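S.K.: Take the sequence shown: its position 60, counting from 1, is numbered 59 in numbering that gives the first Met the number 0, and each next residue is one higher.
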Amino acid sequence: MLRNSSGHRTIIVEGVDGMGKSHLTQQLGDYLKRNVITCGPAPKTFDEIKYWVNEHEKHVLAGDGILDRVTAFSHYVYKTTLGSTVHKDFLHYRAKRLASYDAIVILCKTDEPIHELKDYDDLAKVKVVMENIDKLHRAYLYLFT
0 MLRNSSGHRT IIVEGVDGMG KSHLTQQLGD YLKRNVITCG PAPKTFDEIK YWVNEHEKHV
60 LAGDGILDRV TAFSHYVYKT TLGSTVHKDF LHYRAKRLAS YDAIVILCKT DEPIHELKDY
120 DDLAKVKVVM ENIDKLHRAY LYLFT
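1. Since V104 is in the beta strand (DSSP E), which residue starts that stretch and which ends it?
2. Return the first residue and the last residue of the beta strand (DSSP E) that D118 is part of.
3. Taking 8 Å as the cut-off, decide whether the C-beta atoms of D46 and V125 are in contact.
4. Is H114 near the ligand MN, judged by its Cβ being under 7 Å from some heavy atom?
5. Could you check where the alpha helix (DSSP H) with V15 kicks off and where it finishes?
6. Taking contact to mean 3 or more Cβ pairs, one atom from each stretch, closer than 8 Å, check whether the stretch 69-79 and the stretch 21-33 are in contact.
7. Quick one: measure Cβ to Cβ for Y75 and A94, integer angstroms, because I've assumed they're closer than 8 Å.
8. Straight-line CA distance for L1 to T9?
Written as C-alpha cells, this is what we have:
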C-alpha cells in the first residue's frame, strides 16, 4: 500500500466531461483539507503526454492530493474512443500501472451532464464528446475492469 506519512491515499476523480468532476474535487478538497490538482488541456504531443503522465504519477505516489482527472486514464479513453493514437500501448501500460497503486478512483456519471467551457475548449470537440457520453463512459468502465 502506498500512503504518505499521515496515512492518506490519493483520490483520483475521473469521468467524461460534464459529469461534475471539478465540482466534486473542490468539495472533497475543502472537506478533507487536501490539495486539488487539476489536469489542464489535453496534451498535444508525445512529450506533453509523457510529462503529464509522470506528473500525475508523482502526485499519486505522494499520497495526499485529489486529482481532477489524470492523463493516463482520460487521454487513453478519449483517444481510443473518439480518435486514434499511436501512443495507445504506452497510455494503456501507464493507466494500468497507475491503477495498481493504492489510490481511490471515483468514476463520475450524472444523468444531466453540464460542460463548463474552459478557455482552451474547442466547441466542435465538446459537441462530439457530448454526443458520445455513453460510449466514453463505457470505455472508462472497460479500462477500470
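Just so you know, even glycine gets a beta-carbon here, dropped at the ideal spot from N, CA and C. This structure is a prediction, so every number in the text was calculated from the model and none was measured.
M.R.: The structure says:
1. I103 to L106
2. Note, D118: premise wrong, no beta strand (DSSP E); not H, not E.
3. no
4. With respect to small molecules bound, the structure shown includes none, and the ligand MN cannot be examined in it.
5. Careful: V15 lies outside any alpha helix (DSSP H) and carries neither H nor E.
6. no
7. 5 Å
8. Unreliable positioning characterises L1 in this predicted model, as indicated by a pLDDT of 36, which lies under 50. The coordinate reading is nonetheless provided below. Between L1 and T9, the C-alpha separation is close to 9 Å.
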